[in-house]
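Peer 1: Handing you this structure, nothing more for now.
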Amino acid sequence: MESNYANSSFTTMELALKFVLDKLEDRIDHVRFGAVCKSWCSIVKIYHQDNPSVTNVPMLMVPTKRKSRTERSLYSVPAGRVYPFQLPLRYNKRCCGSSHGWVATVDKNNVVSLLNPFKKLAPIYLPRIIPICSHIDRSLYECNMGKVTLSTDPIERPKDYVVVAIHSMRCCLAFMKAGQKFWTYVDPIDYSCFTDVTFYKGRVYVINRYKTIVSFKLRYSNDPSGTEKLVPNIVLEGGYHKRYSHKSYLVKSLEGDLWMVRRFLGFDPDNDYLHCEGTESFKVYKLELNPQNGKLLQKLRLRSLGDNVLFVGCNDSISVSASYFSNCLQKDSIYFADDNNDDSYPHGAFDLGIYNVKDESFGYHYRYNPSFRRMPPPFWILPPFVWD
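Counting with our numbering, you get residues 11 to 398 for the letters of the sequence shown.
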């Protein structure tokens, strides 16, 4: 990447250090850079504020080599290696959200916890979510929580962040603001089967498995019983007659557009289509929205991703620059992690890889070890640049 510092007010030393950062592709190298001293830490923070589109390659949180029951490691795609960090996160907790460096988990009482494995902070315990329909097998309680996302980092804005959760077996929607004692629920009768949520231009957008997209502006309920329900706006009308995709994602492109990514899975016909055989394909669409009301004007199927490389899974969907990371990321590709929260995998999580949108080919970024079959699936996470 060519950085333009010609008109900056930085000292010669600061400029030199920024040019060094230009050459460091691995996120961990930036973390190490910022750990040298306070002034270098300040420089790396400013660098990432100025270059958000080229500095946010997520890392894959994976089981440790010794299959620790209390810790996990990080895999770097640019470096192609597992770093031997021992990050505190219990092995028996499935991640149901990875957002702004925080990990969301859920307990048997449908209480969501926000954990930051990079900071010495107490977990944030959110109010209990009132389930619409829970899994019959109580041991599979983690399947009751599809995805949790944050509007911003609770460290930076501890009193002004929003949490959105896709919950229950029907994949309904609920949200709350920091400090609230109960959740606001979206009408579950007509709006369910959601798989991803994102904050975009002052609205919340949510997509389901049947290509329906809804949006709403945040308005909080005063009803702790959960009987008052919010009715969202229809952005894209899908329906059960549309082709089903087990997972769909919403991601903001580097150009600032909202994209819809549909992920199609294959199932074994010899086992009554109960056992998943992994991802078969992806389809990506650019959504053109009315800037006044957020309604869909048109959608366009994309056969190329331009300078965008996508990272999808149970994390906040992310786009990074293909040209900046041309030495280590594949152009026109989607890097996907296994985010199936159903009990349909006979051999544990395995559905990780790279899908090229242009030629419809598959590749690998991290080969999952079969010995990890009883461990939670790996997931993408964006580590902060200052660790405790």
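Every residue, glycine too, gets a C-beta built ideally from N, C-alpha and C.
Note that the coordinates shown come from a computational prediction; the quantities given were computed from them, not determined experimentally.
Whole angstroms is fine: what's the gap from residue 95's alpha carbon to residue 81's?
Peer 2: Approximately 9 Å between the Cα atoms of the pair.
Peer 1: Check for me: the beta strand (DSSP E) holding residue 123 runs from which residue to which?
Peer 2: Here the beta strand (DSSP E) through residue 123 covers 121 to 125.
Peer 1: When the Cα of residue 292 is compared with those of 189, 272, 157, which residue comes out closest?
Peer 2: Considering only alpha carbons, the answer is 272.
Peer 1: Which class does residue 24 belong to by DSSP, given the choice of helix, strand or coil?
Peer 2: Correct three-state label for residue 24: helix.
Peer 1: Return the chain-ordered ranges of every beta strand (DSSP E) run that is complete within the segment 159 to 219 and spans a minimum of 3 residues.
Peer 2: Runs of the beta strand (DSSP E) inside the segment 159 to 219: 172 to 177, 182 to 187, 194 to 196, 204 to 210, 213 to 218.
Peer 1: In the DSSP output, what is residue 308 paired with across the bridge?
Peer 2: Answer by DSSP bridge pairing, in chain order: 298.
Peer 1: Can you tell me which of the three DSSP states residue 139 falls into?
Peer 2: If DSSP states are grouped into helix, strand and coil, residue 139 belongs with coil.
Peer 1: List the whole-angstrom C-beta distance separating residue 226 from residue 213, where the pair is believed to meet the contact cut-off of C-beta under 8 Å.
Peer 2: 7 Å between Cβ atoms; contact.
Peer 1: Could you name the residues that DSSP lists as bridge partners for residue 114?
Peer 2: 124.
Peer 1: Could you give the residue range of the beta strand (DSSP E) that holds residue 258?
Peer 2: Note, residue 258: beta strand (DSSP E), 257 to 262.
Peer 1: Residue 366 bridges to which residues according to DSSP?
Peer 2: According to DSSP, residue 366 bridges with 343.
Peer 1: Assign residue 153 to one of three DSSP states: helix, strand, or coil.
Peer 2: The answer is helix: DSSP assigns residue 153 an H, G or I state.
Peer 1: Kindly give me the distance between the Cβ atoms of residue 290 and residue 274, rounded to whole angstroms, as I take these residues to be in contact under 8 Å.
Peer 2: At roughly 5 Å, the Cβ-Cβ gap stays under 8 Å, so residue 290 and residue 274 are in contact.
Peer 1: For residue 246, I'd like the list of residues in its chain whose CB is within less than 6 Å of its CB, leaving aside the five on either flank, ordered along the chain.
Peer 2: So the qualifying residues of the chain are 223, 306.
Peer 1: Grab the span of the alpha helix (DSSP H) containing residue 95 for me, first residue to last.
Peer 2: Element bounds for residue 95: not the alpha helix (DSSP H) but the beta strand (DSSP E), 91 to 98.
Peer 1: Measure the C-alpha to C-alpha separation of residue 255 and residue 220 and round it to an integer number of angstroms.
Peer 2: Each residue's alpha carbon lies about 7 Å from the other.
Peer 1: Considering just the uninterrupted stretch of the beta strand (DSSP E) at residue 245, what are its terminal residues?
Peer 2: 243 to 246 is the extent of the beta strand (DSSP E) around residue 245.
Peer 1: Just the C-alpha distance for residue 375 and residue 92, rounded to the nearest angstrom, thanks.
Peer 2: Between residue 375 and residue 92, the C-alpha separation is close to 12 Å.
Peer 1: Figure out for me which residue from 339, 362, 24 has the closest Cα to the Cα of residue 54.
Peer 2: Checked all of 339, 362, 24; the closest Cα to residue 54 is 24.
Peer 1: On the three-state DSSP scale, how would you describe residue 42?
Peer 2: It is helical.
Peer 1: Are there 16 or more other CB atoms within 10 angstroms of the CB of residue 152, so buried, or fewer, so exposed?
Peer 2: The residue in question, residue 152, is buried, as its Cβ has 16 or more Cβ neighbours within 10 Å.
Peer 1: State yes or no: is the C-beta of residue 261 within less than 8 Å of the C-beta of residue 315?
Peer 2: Cβ atoms of residue 261 and residue 315: not closer than 8 Å.
Peer 1: Can you list, in chain order, the residues of its chain with a C-beta nearer than 6 Å to that of residue 349? Leave out the 5 residues immediately preceding and following it.
Peer 2: Cβ within range, chain order: 323, 324.
Peer 1: If you draw a straight line from the alpha carbon of residue 164 to that of residue 174, how long is it in whole angstroms?
Peer 2: If you take the alpha carbons of residue 164 and residue 174, they lie about 14 Å apart.
Peer 1: Roughly how many whole angstroms lie between the Cα atoms of residue 46 and residue 109?
Peer 2: Taking the straight line joining both Cα atoms gives about 26 Å.
Peer 1: When you compare each of 217, 58, 198, 115 to residue 207 by their alpha carbons, which one comes out closest?
Peer 2: The shortest C-alpha separation from residue 207 is found at 217.
Peer 1: From the DSSP output, in three-state form, read off residue 88 for me.
Peer 2: Correct three-state label for residue 88: coil.
Peer 1: Would residue 71 pass as a contact of residue 122 if the rule is Cβ separation under 8 Å?
Peer 2: For residue 71 and residue 122, no; Cβs fall outside 8 Å.
Peer 1: Return the CA-CA distance between residue 28 and residue 43, expressed in angstroms with no decimal places.
Peer 2: For residue 28 and residue 43, the distance between alpha carbons rounds to 11 Å.
Peer 1: Candidates 185, 83, 382, 58: which alpha carbon is nearest residue 209's?
Peer 2: Nearest C-alpha to residue 209: 185.
Peer 1: Whose C-alpha, out of 382, 378, 342, is nearest the C-alpha of residue 365?
Peer 2: Per the Cα distances, 342.
Peer 1: Could you tell me if the beta carbon of residue 168 falls within a distance shorter than 7 Å of some heavy atom in the ligand NAP?
Peer 2: Annotation note on the ligand NAP: not contained in the displayed structure, which lists no ligands.
Peer 1: According to the neighbour-count rule (16 or more other Cβ atoms, all chains shown, within 10 Å of its Cβ), is residue 67 buried or exposed?
Peer 2: Flag for residue 67 reads buried.
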